[in-house]
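A.B. asks: Before I ask anything, let me first share the structure, which is written out below as structure tokens.
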Amino acid sequence: MIGAAAVLISAVSLGLAISANRTQERLLAASTWPFLQYGTGNRTEDGKSAITLSLYNGGIGPARVHSIQVLLENKPQYDAGRLLLACCNPGNKAVSTVTSAGSGVLAADTKESFLLMTEKDNDAEVWAEFNRRRFDLRVMVCYFSVLKDCWTFDSTQPEPTPIEVCPVVADADSWHG
Numbered sequence: 011m012i013g014a015a016a017v018l019i020s021a022v023s024l025g026l027a028i029s030a031n032r033t034q035e036r037l038l039a040a041s042t043w044p045f046l047q048y049g050t051g052n053r054t055e056d057g058k059s060a061i062t063l064s065l066y067n068g069g070i071g072p073a074r075v076h077s078i079q080v081l082l083e084n085k086p087q088y089d090a091g092r093l094l095l096a097c098c099n100p101g102n103k104a105v106s107t108v109t110s111a112g113s114g115v116l117a118a119d120t121k122e123s124f125l126l127m128t129e130k131d132n133d134a135e136v137w138a139e140f141n142r143r144r145f146d147l148r149v150m151v152c153y154f155s156v157l158k159d160c161w162t163f164d165s166t167q168p169e170p171t172p173i174e175v176c177p178v179v180a181d182a183d184s185w186h187g
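Listed below in structure tokens is the structure:
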């Protein structure tokens, strides 16, 4: 009887330890959780007219960005020059943009613009058309947490989707800035 009670107590203790371990794993994952969001604007924080395409990490952990795709009419855009030519600059006028490839680490509560186009440094018609067409863009991002949990973000969806591994994106289909 004493042996059976000892086995029962041991089994209950083991069950509690396993449950506590799972809870600790979930707490650790929650404390490192990144949550990417996409935004576009036409004014900088200091009030200047500039179109921006940005990623914001609203989570509580850093996001390691694996890949970014910018699509116009479901066609991947390689860089700002090709994007503007496809949407807003059929005459191929000279444009000035500040861009980044967007890969790297985005800290929690941080915003990073991967395209900035000022109004004063660009053709007024091209800027105005891009200001209108920026809402036609679809942005897709695959990113990781520090624990290597993986998500895909699609700007047409309300929330990122957890996945096992980031898909391979052809170089020609990735955003290069």
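Residue numbers for the sequence shown follow the working numbering, beginning at 11 and rising by one. Here a beta-carbon is modelled for each residue, glycine too, at the ideal position from N, C-alpha and C.
In the DSSP assignment, the beta strand (DSSP E) including E122 goes from what residue to what residue?
C.D. replies: 120-128
A.B. asks: In the DSSP assignment, find the alpha helix (DSSP H) that holds L157 and state where it starts and stops.
C.D. replies: Here L157 belongs to no alpha helix (DSSP H), and DSSP marks it neither H nor E.
A.B. asks: Terminal residues of the continuous beta strand (DSSP E) containing A60?
C.D. replies: 59-67
A.B. asks: May I have the straight-line CA-CA distance separating E174 from K158, to the nearest angstrom?
C.D. replies: 9 Å
A.B. asks: Along the beta strand (DSSP E) that carries A96, what are the first and last residues, could you check?
C.D. replies: No beta strand (DSSP E) holds A96; the alpha helix (DSSP H) holding it covers 90-97.
A.B. asks: Please report the straight-line C-alpha distance between K103 and W43, rounded to a whole angstrom.
C.D. replies: 43 Å
A.B. asks: With distances taken between CB atoms, is the gap from I61 to V149 smaller than 8 Å?
C.D. replies: no
A.B. asks: CB-CB under 6 Å to Q47, same chain, minus the five flanking residues each way: which ones, in chain order?
C.D. replies: Y66, G68
A.B. asks: Please list, in chain order, all residues of the same chain as W161 whose beta carbon is under 7 Å from its beta carbon, the five residues on each side excluded.
C.D. replies: Y153, P170, T171, P172, I173
A.B. asks: Rounded to the nearest angstrom, what separates V75 and S184 at their Cα positions?
C.D. replies: 12 Å
A.B. asks: Using 10 angstroms around the beta-carbon of Q87, count the other beta-carbons present and answer buried if the total reaches 16, otherwise exposed.
C.D. replies: buried
A.B. asks: What is the C-beta distance between V107 and K58, in whole angstroms, given that I count them as a contact (C-beta under 8 Å)?
C.D. replies: Inspection of the sequence shows that residue 107 is occupied by Thr rather than by Val. The Cβ separation is near 15 Å, so there is no contact.
A.B. asks: Distance, Cα to Cα, L38 vs V115?
C.D. replies: With a pLDDT of 49 at L38, under the threshold of 50, the modelled position of this residue cannot be trusted; read the value that follows with caution. Cα to Cα, the separation comes out at about 19 Å.
A.B. asks: Please determine, among L125, N132, I70, the residue with the shortest C-alpha to C-alpha distance to L147.
C.D. replies: L125
A.B. asks: Starting from the Cα of S113, find the closest Cα among A73, T50, V178 and give me that residue.
C.D. replies: Looking from the CA of S113, the closest CA among A73, T50, V178 belongs to A73.
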